[in-house]
Structures are given as C-alpha cells and as structure tokens.
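Encoded as structure tokens, the structure appears first; notes follow it.
There are 2 protein chains.
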Amino acid sequence: MLTDEYRYKILKLVEENPEISQREIAKELGISLGKTNFCLKALIEKGVLKANNFRNSKNKLAYIYKLTPQGIEEKASVTMRFLKQKMKQYEQLQSEIEQLKNDLPILEKTNSNADE
Amino acid sequence: MLTDEYRYKILKLVEENPEISQREIAKELGISLGKTNFCLKALIEKGVLKANNFRNSKNKLAYIYKLTPQGIEEKASVTMRFLKQKMKQYEQLQSEIEQLKNDLPILEKTNSNADE
DNA sequence: TATCGTGCGTTCAATAGATGAACACATCAG
DNA sequence: CTGATGTGTTCATCTATTGAACGCACGATA
Chain X
1 MLTDEYRYKI LKLVEENPEI SQREIAKELG ISLGKTNFCL KALIEKGVLK
51 ANNFRNSKNK LAYIYKLTPQ GIEEKASVTM RFLKQKMKQY EQLQSEIEQL
101 KNDLPILEKT NSNADE
Chain G
1 MLTDEYRYKI LKLVEENPEI SQREIAKELG ISLGKTNFCL KALIEKGVLK
51 ANNFRNSKNK LAYIYKLTPQ GIEEKASVTM RFLKQKMKQY EQLQSEIEQL
101 KNDLPILEKT NSNADE
C-alpha cells in the first residue's frame, strides 16, 4: 500500500539523496525491501519519479532516482496533505490525552517515582 | 492482535457498559466482529474480564462482561502505559509537523485560498 | 579468459492480520 | 410448533507485508 506517509518520506529521501539504494530506503523507513520496491515502482509508474542508471565514480553501477517536474509538484502537495493529516492527528491526540488522564485513578497524591 | 490500544478501549467500554454486545464494541471501535471476538477472548483468557449470562429484563438473554479485580488493576496500568505512548507520540508529532513545515515551499507569499 | 565477491533491483511463496458471511443456540411472540 | 431476533463463535478468504532467493553487472584476482 502506497500511502501519503510513504509518498512523502520516499520523495523526501530521494530528493535529498538521489543515489540512495532501495535497501537503504527500506532501512531508513523501517519497512521491508519488498514494500520499498513496490512503492518505488508505483511512484515511477505514476511518473513522479524516474530511475536512471549511471556509473558510480570508479566502482560499480548504480541507480539515480530523480523527481520529475510532476514529482516536484506532487511532493509539494503530498507534503501539504500529510501536514494536514498530522495536524488533525495532533488535535485528536490532545483530546485523547485529556481523556486518558481523566480515566486514570487519582494521581494527585504524592510526587513519588520521579521516574523521568 | 491485542494491543494496548484495544486493551484500553475495550476495558473502558465494558466498564462503562457491561451489557454491551460484541457487535456494538466492534462498531464503536471501528473494527470487525471477528477481531472484537478475538480480543475479548484474549482478555477473558488472561483473567481480566469475565463473561456471565443473565436474563435481560423481560426480553432476551444477554451477556455481562465484568472486570475482575485483576482487570481493574490491568485497566489502570494499561491506561497509564497507553497515556505514556500517546504523550510520546504527541512530542514526535510536534517535531514531525515542524519538519513538514520546513519541507513546504515558501508559503508566506499571498494569503490566497482561504480555503478553510 | 574464467571465476569469484559484491551490491544492485526484482520476484514471489509464505506469513500475519483482519474481515464478515454463515452458523448454532436461546428466547419470545404468534 | 414456527418464525423472527439477537447472542457469541467460526473460518475461508482477502489484503498487506515480509525477506530469502534470484539474475545481473561490474571489478578484482588467478
């Protein structure tokens, strides 16, 4: 599943470091190689990303992932979408936390366990 | 999967309304009936919840889900755990939102599109 | 040339999780 | 007795994810 979260994160990673490998992306995002490959392909399919081969300095062949012009637009809009999602989550979290505090048994009491 | 989220939410629902049905829980939590059944069984298995039959006023048979003494303890501790999780998420969200704002193309500009 | 070792993207069988239609059962209404 | 209704329970099916295994392209070495 290619969600806005991974659209955003992958486009960001790739923009910052076009020579990144799928394995590095996977590790960075904490997802499997298979899923990374799937998401990357979807982004390429959509035309927001392009993969080119190139010769890595003197050693090996490597891939460059480049954002297309459409990709740059897409990144901007997905960032905005994702930000709005996060801000909504942020508000929800506030009320959930209030709720949870109310659900706790009396915690005024002593100030023991200054645990952190 | 029985996570703290559902431990907390189910114990809360059941405590507030012991006569609630599995279908109502499912609807309330936005999960499937099968998953609800699975979670409920796990809680009963663990001994934090107990299911009793009883005759519903004059109409039908129904179930009552009651928190055991251990269940009351468990609810308190899971609430605390869940709260801590949420507070950590809250902090993370703050930085993520900052990050996202930085990633946005210049948005000072005009105040066009007063969309909401 | 021939054979390794390395790192790349790609594949896909296997697993995990979640779903919801279908079932057995118990009660009430007629 | 029969049908309608509302329980909890089951489980085949689906979806999403995983990661070992693969083919390929180099550079290095014999």
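Note that the protein sequences, when read in sequence, are chains X and G. Per the UniProt record's numbering, the very first residue in the first sequence carries number 1; after that it's consecutive. Per the UniProt record's numbering, the very first residue in the second sequence carries number 1; after that it's consecutive. Every residue, glycine too, gets a C-beta built ideally from N, C-alpha and C.
In this structure, Q85 (chain G) sits near D4 (chain G), with a CB-CB distance shorter than 8 Å. Residue pairing from DSSP places Y65 (chain X) in a beta bridge opposite X:A51.
Between L83 (chain X) and L67 (chain X), the C-beta gap is not smaller than 8 Å, which leaves the two residues out of contact.
Residue environment analysis places I10 (chain X) among the buried positions, since at least 16 neighbouring C-beta atoms fall within 10 angstroms of its C-beta. By the CB criterion at 8 Å, K75 (chain G) and E24 (chain G) fall outside the cutoff.
The same chain holds no residue with a CB closer than 7 Å to that of E96 (chain G) once the five nearest residues on each side in sequence are set aside. Taking the Cα of F38 (chain G) as reference, the smallest distance to any Cα among G:Q89, G:Y63, G:R7 and G:I20 is reached at G:R7.
In this structure L100 (chain G) is buried. Its beta-carbon is surrounded by 16 or more other beta-carbon atoms within 10 angstroms.
Contacts with chain X at 8 Å (Cβ-Cβ) include F82 (chain G).
Listed along chain X are I97, each with a C-beta nearer than 8 Å to that of M87 (chain G).
When 9 Å is used as the limit between beta carbons, L104 (chain X) is near these residues of chain G: A76, T79, M80 and L83, in chain order. With contacts defined as CB atoms closer than 8 Å, T79 (chain G) and L104 (chain X) qualify as a contacting pair. About 6 Å separates the CB atoms of I20 (chain X) and L13 (chain X); that is less than 8 Å, so the two are in contact.
Residues of chain X with a Cβ closer than 7 Å to the Cβ of K12 (chain G) are, in chain order, D103. The C-beta of L33 (chain X) has fewer than 16 other C-beta atoms within 10 Å across all chains shown, which makes the residue exposed.
Put simply, the CB of Y90 (chain G) is near chain X, with a gap under 8 Å to one of its CB atoms. In the structure shown, I31 (chain G) adopts coil according to DSSP, grouped into three states. The DSSP-derived three-state label of S77 (chain G) is helix.
Scanning its chain for C-beta atoms nearer than 6 Å, with the 5 sequence neighbours on each side dropped, one finds around N52 (chain G) the residues I64, in chain order.
Taking a beta-carbon distance threshold of 8 Å, L100 (chain X) counts as an interface residue toward chain G. Less than 8 Å divides the Cβ of L2 (chain X) from the Cβ of A42 (chain X).
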